[in-house]
Amino acid sequence: ICKYQPTEDEIENQCGRFQISKKTYSYKLYKNVHLTLPDPSSKGERLQTVGRYNYFHYGCDGFSDEGWGCGYRTLQTAISWIINRRNENEAEELNTPQDVPSILEIQRILVRIGDKPSSFIGSNKWIGTLEEFYVLDALFEVKCRFLHVQQISCPRVIEEMERYFAEYAGFIAMGGLTDTASKGIVGIYRSRSAGDFLLVVDPHFSGVPSSKQHLIDSNYVRWMHIDEFQDSAYNLCLILQT
Numbered sequence: 006i007c008k009y010q011p012t013e014d015e016i017e018n019q020c021g022r023f024q025i026s027k028k029t030y031s032y033k034l035y036k037n038v039h040l041t042l043p044d045p046s047s048k049g050e051r052l053q054t055v056g057r058y059n060y061f062h063y064g065c066d067g068f069s070d071e072g073w074g075c076g077y078r079t080l081q082t083a084i085s086w087i088i089n090r091r092n093e094n095e096a097e098e099l100n101t102p103q104d105v106p107s108i109l110e111i112q113r114i115l116v117r118i119g120d121k122p123s124s125f126i127g128s129n130k131w132i133g134t135l136e137e138f139y140v141l142d143a144l145f146e147v148k149c150r151f152l153h154v155q156q157i158s159c160p161r162v163i164e165e166m167e168r169y170f171a172e173y174a175g176f177i178a179m180g181g182l183t184d185t186a187s188k189g190i191v192g193i194y195r196s197r198s199a200g201d202f203l204l205v206v207d208p209h210f211s212g213v214p215s216s217k218q219h220l221i222d223s224n225y226v227r228w229m230h231i232d233e234f235q236d237s238a239y240n241l242c243l244i245l246q247t
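Heads up: the sequence shown at position 119 corresponds to 124 in our numbering, and the numbers run straight through without jumps.
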């Protein structure tokens, strides 16, 4: 467990707004790691996230969270997408990762809003999709559609995600009850012959990726056929950022 004593300068609540400290990283976090991934079949329709996001993963900021921090990393990726989407008309590209809250800052936000006890700060307690929504709401007051589904392969669920990507071209944070590994979903592919696929951005990579292709070759960015997902209930947070 990381021992941590937060200071008031690191993150403070001013009129309901949270102020996040600027960050530096030892290497640049890759953007839009899914774009070079080919379609899973030759005949189908692909819908995907529009806008830039940075790929956050285990240890990407030098903080050791392997084995428990995947929900935080998916949340950080989602936050980077929201920041970029809200500032996409800026003349200069933003250095988005410097403004994304750290794991410790996320924990402090959850304590400040009353979701967690003060002992949560500095712990290695994981977070799920619901906590991710709480943080998004606290930081951005962004609307989200929250789905609890018994089976990800349910046709109604697939159709709901298809409509979401068609309308919002957004980012979905995904977590399961049996399948507890957090994931980002940045696209959907539907084919009458091959079936339905979700485009997964998996935060469980550790180390420094040498390229986007490295992540693809290691299956941290991949298409998953809907039948590949575990027989698990899932929570989906569909971010309604336009």
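Glycine is no exception: its CB is placed at the ideal position from the N, C-alpha and C atoms.
Could you check where the alpha helix (DSSP H) with S85 kicks off and where it finishes?
Run containing S85: 75 to 91, per the alpha helix (DSSP H) assignment.
Can you tell me whether E172 is buried or exposed, with buried defined as 16 or more other CB within 10 angstroms of its CB?
Looking at its Cβ environment, which holds fewer than 16 other Cβ atoms inside 10 Å, E172 is exposed.
Taking the C-alpha atoms as reference points, what is the distance between G21 and R197?
In this prediction, G21 scores a pLDDT of 40, lower than 50, which makes its location untrustworthy; the coordinate-derived value is nonetheless stated afterwards. Distance between the alpha carbons of G21 and R197 is about 48 Å.
Nearest residue (CA-CA) to K188, options I111, K130, L80:
Nearest C-alpha to K188: L80.
Buried or exposed: L182, going by 16 or more other Cβ atoms within 10 Å of its Cβ?
Here L182 is exposed, its C-beta having fewer than 16 other C-beta atoms within 10 Å.
Could you have a look at L243 and say whether DSSP puts it in helix, strand or coil?
Residue state, collapsed to three classes: strand.
At 4 residues or longer, and completely inside the region 118 to 164: list those alpha helix (DSSP H) runs for me, N to C.
Counting only runs of 4 or more, we get 134 to 145.
Please name the residue or residues paired with Y30 in a DSSP beta bridge.
Partner residues in a beta bridge of Y30, as assigned by DSSP, do not exist.
CB contact check: Q246 to chain C, cutoff 8 Å
Checking the listed chains, one finds no chain C in this structure; it contains a single protein chain.
Given Q218 as reference, the closest of S26, Y32, K27, K36 once Cα atoms are compared:
Here the closest residue by C-alpha is K36.
Identify every residue that forms a DSSP beta bridge with I190.
DSSP links I190 through a beta bridge to I177, V205.
Select from S47, W73, V140, G180 the residue whose C-alpha is nearest the C-alpha of F23.
Nearest of S47, W73, V140, G180 to F23, Cα basis: V140.
Determine contact between the region 195 to 213 and the region 229 to 238, defined as no fewer than three beta-carbon pairs at a distance below 8 Å.
Taking a cut-off of 8 Å on C-beta distances, the region 195 to 213 touches the region 229 to 238, as three or more cross pairs fall below it.
Measure the alpha-carbon distance for F138 versus R57 and round it to whole angstroms.
Computed Cα separation, rounded: 20 Å.
To the nearest angstrom, report how far apart M166 and N240 are at their CA atoms.
Going from the Cα of M166 to the Cα of N240 covers about 13 Å.
Is the Cβ-Cβ distance between Q155 and A83 less than 8 Å?
Not a contact, by the Cβ cut-off of 8 Å.
V38 burial status per 10 Å Cβ neighbour count (16 or more: buried)
Note on V38: 16 or more other CB atoms within 10 angstroms of its CB, so buried under the neighbour-count rule.
Under the three-state reduction of DSSP, which class applies to G62: helix, strand or coil?
For the record, residue 62 in the displayed sequence is His; it is not Gly. Assignment of H62 by DSSP, reduced to helix, strand and coil, places it in the coil class.
Express the C-alpha separation of P45 and T29 in angstroms, rounding to a whole number.
Each residue's CA atom was taken as its position, placing T29 and P45 some 36 Å apart.
Give the secondary structure of R168 by DSSP, where H, G and I count as helix, E and B as strand, and everything else as coil.
Note: R168 maps to helix in three-state DSSP.
Count the other C-beta atoms from every protein chain shown that fall within 10 angstroms of the C-beta of V105, then say buried if there are 16 or more, exposed otherwise.
Of the other Cβ atoms in all chains shown, 16 or more fall within 10 Å of the Cβ of V105; this residue is therefore buried.
Below 8 Å on the Cβ atoms is my guess for S211 versus G64; work out the distance and round it to an integer in Å.
The C-beta distance from S211 to G64 rounds to 6 Å, short enough to meet the 8 Å contact threshold.
If I measure Cβ to Cβ from D236 and keep anything under 6 Å in the same chain, skipping five residues before and after, which residues do I get?
By the criterion of a C-beta distance shorter than 6 Å, D236 is surrounded by no residue of its chain, once the five residues flanking it on both sides are discounted.
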